[in-house]
Amino acid sequence: AVRAEAERSNRSQQDVIRAAVAHYLHLEGADPPPAAVLPAEGTVVPDRLLPPRSRFARAAGRILLPTSMTSADLLHRGARG
3 AVRAEAERSN
13 RSQQDVIRAA
23 VAHYLHLEGA
33 DPPPAAVLPA
43 EGTVVPDRLL
53 PPRSRFARAA
63 GRILLPTSMT
73 SADLLHRGAR
83 G
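The sequence shown runs 3 to 83 under this note's numbering.
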């Protein structure tokens with residue numbers, strides 16, 4: 003349901019969940035529930051956030067790594083924790 007609403011409203015799944023939780027908890031100034039979101043063309047984005055560069059799209063597919071390789075091996079050495 004969250005994925006479908008994110009795709010329909012051109013919002014991130016995280017944004018849809020935040021709005022739903024805020025509405026459920028009756029937080030002041032909360033966004034309307036996801037079902038009441040404006041169409042993608044009129045989506046309201048706070049000034050501090052950049053709107054998405056493109057509409058929600060499903061990933062093309064997963065990449066399977068060889069058993070001897072981990073995702074950490076793909077990261078630049080300086081990016082590892």
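Glycine included, each C-beta is placed from N, C-alpha and C at the ideal position.
Judged by their CB atoms, E7 and V23 are not nearer to each other than the 8 Å cut-off. R13 is classed as buried because its beta carbon has at least 16 other beta carbons within 10 Å across all chains shown. For S73, the enclosing alpha helix (DSSP H) starts and ends at S73 to L76.
The C-alpha of Q15 lies about 6 Å from the C-alpha of V4. Cα atoms of R60 and L29: separation of roughly 31 Å, rounded to the nearest angstrom.
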